[in-house]
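In this note's numbering, the protein residues as written are 61 to 210. The beta carbon of each residue, even a glycine, is placed where N, CA and C say it ideally should be. Here is the structure we will look at, set down as structure tokens.
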């Protein structure tokens, strides 16, 4: 059974296994000692972090990071390849959007790679639009924003 759960420290090992499988599927290199060290301390880096489980295995993630009182950032929307195209990415994204609205955020930002075509298509379907660079992530080359106060 598929279920989205708020991150718990007990999921740490499963999360690392998931990331080690997911990152190479999308042509990325996981650097837990470098730029991906935030996955070793979820509570300190993210305001909210959810895991999508298929039985006991993590198959997807999504997170929110606070930028300021009115703006948040969508982070870590990942889904194993074999689960893509089934509406699960949409479910994860809606979980984050609804939480952001509930917290009173007015805008949700994200950064991604132009090679992440499926993700960008999903973001556009939801209503994200291209915006200017808002952070110092020198790897990302696409920046998007979603107005949440609609």
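- Rounded to whole angstroms, the separation of the alpha carbons of residue 115 and residue 150 is 19 angstroms.
- Beta-bridge annotation (DSSP): residue 190 is paired with 204.
- Rounded to whole angstroms, residue 198 and residue 171 show a C-alpha spacing of 10 angstroms.
- Taken in chain order, the complete beta strand (DSSP E) segments of 3 residues or longer contained in the region 65-137 are 108-114, 117-126.
- Residue 175 is bridged by DSSP to nothing; it lacks a bridge partner.
- DSSP, read as helix, strand or coil, puts residue 143 in helix.
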